[in-house]
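Protein chains in written order, with our numbering: chain U, 16 to 250; chain E, 16 to 250.
Only one structure is covered here, and it is reproduced in the block below.
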DNA sequence: ACCTGAACACCGTTCAAGT
DNA sequence: ACCTGAACACCGTTCAAGT
């Protein structure tokens, strides 16, 4: 019942919230947040701009609903709500479940960079709440005492959001892998030529950037926080 | 030399990049990102909108420079560039130095919520690079081996940015402390009344929200990551 | 109930014209 | 070199009028 119905929609279907959001997501994916316009959206739906306002209160709501839809579809889609198995097929450990959930969010932001920006501005609302809930459950399974669970789950979520925001901002040479490599090489070269007195550390890690994998690095950060959670649980 | 000159500027001062950015920061602090308009800004500077374009390429640059200025002023202001002492008076441990730096950034975002949104979209550029550099130096002092330093510094930075983005989004009942308390109570009550089957964890931590201190919680997250860094260094 | 599309009040940016 | 301010091409949103 949580899965979205996928009818083969043809031209003459009446306007609906669902169709509007679907079209908006398409435009956002293709043209980014700046490309989503009520006029463009109306044209795509073969109506006037005013018609959209009957189904949606305005652009803010449209963006919020679009974000919630993508997150619901790609992140929580194949999850057994009741149990601790959030890792798709079935995670062996809570650590694996957290990694899997984080990675699904990471990939969703990668596929739809605009939600990276958008998620940050939903004030603890629906889509983030579900992620928070799932992270928190795994934290409990991990054996973190009651008093520390909120902090642990929040830290994980905030880290995920931070990376997501950065990834959304860096969505430039997204298309080809070559562009990506070229981009990393450029940044790496720039860092390597920084003033050694002002940026000794950044210079030192400049060459690590050349064979940098965002996903791997993202997971390494998750693991760091997971290590901190176990550590502080023991101490 | 890094400190900004604070002349008592009066009406007839000629237009300059510095004056424009200063006025823009004032408007952003008072009215948020939506309130900054070239017309409003021009009126404040007693000119036409066109004049601003001679000193600044456009709104994007203006926002970027404003963000960089605030970060430079409030975060790195009283720092001895060369040494590891980044904690203001002089930090006893690298952990303390990291906490102090993170806290300064947190407070800067609290005072100027718009930079929370803005920092996320600077693609690894100037203001963030300085923070990254300082974090990285402390990570080295912490004894993290070369291969793990990039990850450690990135994780800290991404967490800070994540919290910053959330704080920027939640800047509603910012003015009074009473509004803040009321807001937390409202969210707490909302969480407490969630469906127990769908949100068991969130319900369980709902009452922790009532006496929630953002700063304390933020630091707890930093400590969690720091614990993870020591842990993974040892293991 | 739902859609249409012109109109309103904005916005960032440009540019001829001034000094 | 620097400023002015009208004008351009947009934008989100509203609303009388249609069906």
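Glycine included, each C-beta is placed from N, C-alpha and C at the ideal position.
Bear in mind that the values here come from a model prediction, so they are computed numbers and not experimental data.
How long is the line joining the alpha carbons of residue i and residue j, rounded to whole angstroms?
i: residue 83 of chain U; j: residue 122 of chain U; result: 15 angstroms
i: residue 236 of chain U; j: residue 191 of chain E; result: 36 angstroms
i: residue 45 of chain E; j: residue 186 of chain E; result: 12 angstroms
i: residue 65 of chain U; j: residue 132 of chain E; result: 30 angstroms
i: residue 168 of chain E; j: residue 43 of chain E; result: 30 angstroms
i: residue 40 of chain U; j: residue 129 of chain U; result: 10 angstroms
i: residue 158 of chain U; j: residue 55 of chain E; result: 55 angstroms
i: residue 142 of chain U; j: residue 228 of chain E; result: 23 angstroms
i: residue 48 of chain U; j: residue 198 of chain E; result: 29 angstroms
i: residue 193 of chain U; j: residue 151 of chain E; result: 29 angstroms
i: residue 181 of chain U; j: residue 231 of chain U; result: 15 angstroms
i: residue 31 of chain U; j: residue 85 of chain U; result: 17 angstroms
i: residue 210 of chain E; j: residue 137 of chain E; result: 39 angstroms
i: residue 77 of chain U; j: residue 204 of chain U; result: 41 angstroms
i: residue 70 of chain E; j: residue 126 of chain E; result: 27 angstroms
i: residue 155 of chain E; j: residue 215 of chain U; result: 11 angstroms
i: residue 72 of chain E; j: residue 60 of chain E; result: 17 angstroms
i: residue 58 of chain U; j: residue 33 of chain U; result: 16 angstroms
i: residue 212 of chain E; j: residue 206 of chain E; result: 13 angstroms
i: residue 29 of chain E; j: residue 62 of chain U; result: 50 angstroms
i: residue 160 of chain U; j: residue 195 of chain U; result: 42 angstroms
i: residue 184 of chain U; j: residue 124 of chain E; result: 18 angstroms
i: residue 238 of chain U; j: residue 208 of chain E; result: 33 angstroms
i: residue 90 of chain E; j: residue 90 of chain U; result: 36 angstroms
Spatial neighbours of residue i within its chain, please: C-beta separation below 7 angstroms, excluding the five flanking residues on both sides.
i: residue 98 of chain E; result: Residue confidence for residue 98 of chain E is low, a pLDDT of 48 falling below 50, so the modelled location carries little weight; the figure read from the coordinates is stated next. Same-chain partners within the cutoff: there are none.
i: residue 95 of chain U; result: Confidence at residue 95 of chain U is low in this model, with a pLDDT of 48, below 50, so its placement is unreliable and the value that follows should be read with caution. Same-chain partners within the cutoff: there are none.
i: residue 135 of chain E; result: 176, 180
i: residue 51 of chain U; result: 39, 42, 43
Leaving out the 5 sequence neighbours to the left and right, which residues in its chain are closer than 8 angstroms to residue i when beta-carbon positions are compared?
i: residue 53 of chain E; result: 64, 67, 74
i: residue 233 of chain U; result: 117, 118, 121, 178
i: residue 202 of chain E; result: 224
i: residue 200 of chain U; result: 225
Kindly list the residues whose CB is nearer than 6 angstroms to the CB of residue i, restricted to its own chain and excluding five residues on each side of it in sequence; keep chain order.
i: residue 80 of chain E; result: 36
i: residue 308 of chain U; result: Since the first and last residues shown for chain U are 16 and 250, residue 308 of chain U lies out of range.
i: residue 88 of chain U; result: none
i: residue 21 of chain E; result: Only weak support exists for where residue 21 of chain E lies, its pLDDT of 33 falling under 50; the coordinates are left without a value.
i: residue 226 of chain U; result: none
Which residues mark the beginning and the end of the alpha helix (DSSP H) in which residue i is found?
i: residue 148 of chain U; result: 141-156
i: residue 238 of chain U; result: 229-249
i: residue 119 of chain E; result: 109-126
i: residue 106 of chain E; result: Neither: residue 106 of chain E is in no alpha helix (DSSP H) and is coded neither H nor E.
Examine the ligand GTP and report whether any of its heavy atoms sits within less than 8 angstroms of the Cβ of residue i.
i: residue 32 of chain E; result: In the structure on display, the ligand GTP does not appear, and there are no ligands present to speak of.
The region 161-180 of chain U in contact with the region 207-225 of chain E per 3-pair CB rule at 8 angstroms: yes
Take every Cβ of the region 141-149 of chain E, pair it with every Cβ of the region 166-176 of chain E, and state whether three or more of those distances are shorter than 8 angstroms. yes
4 or more residues per run - each alpha helix (DSSP H) lying fully within the region 30-91 of chain U: 32-46, 53-59, 64-70, 74-89
Alpha helix (DSSP H) runs wholly inside the region 162-225 of chain U, at least 4 long, in chain order: 192-207, 215-219
Take every Cβ of the region 242-250 of chain U, pair it with every Cβ of the region 237-246 of chain E, and state whether three or more of those distances are shorter than 8 angstroms. yes
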